[in-house]
Amino acid sequence: MFLEQNKAVSIYENNKTDISSTGTKISSEHPPRIVLVSQVIPDPLNIGYQKLSNAVVLQVNGKQIRRLEDVCTAFLSPINNFHRIDFLPGSERLSVILPVAELADANQRIKNNFRIPKLQSL
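Start counting the sequence shown at 850; every next residue gets the next number (my numbering).
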């Protein structure tokens, strides 16, 4: 917790903040940030996407991405059994399309082949 011009700001382990000023409280999530794909780990499902790196994510499944949590939420709503990831123009690709039905197997292969203990950590 720290003080700032008559406001007490508490930062909790989940990175949410409570700002108290004259008895009012405001809760907020992480501030907007740039989300980018830094590297694509090779797998038969994503053949052709391996060169994609440092691409700024604009949308996932039609939902604007402003923070990493938005990506997780957007992946809950595939469009016609596919995930579509749209990138900022100037990236290696403008969009990536991935079939939902094959993702669980691909994730497991990637996890096993590259010895990744946990595929998601927010």
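C-beta atoms are modelled at their ideal positions from N, C-alpha and C, and glycine is treated no differently. If you're wondering where the values come from, they're calculated on a predicted model, not measured in any experiment.
Compare the Cα-Cα distances from Ala950 to each of Leu894, Phe963 and Leu917 and report the closest residue.
Leu894
Classify Asp954 as buried or exposed, calling it buried when 16 or more other Cβ atoms lie within 10 Å of its own Cβ.
exposed
Give me the residue from Arg958, His932 and Phe963 with the minimum Cα distance to Val909.
His932
Closest by CA to Asn961, which one among Arg882, Pro880, Pro891 and Val884?
Pro891
Are Val889 and Gln899 close, meaning C-beta to C-beta below 9 Å?
yes
Could you tell me the alpha carbon to alpha carbon distance between Ser970 and Ile946, rounded to whole angstroms?
23 Å
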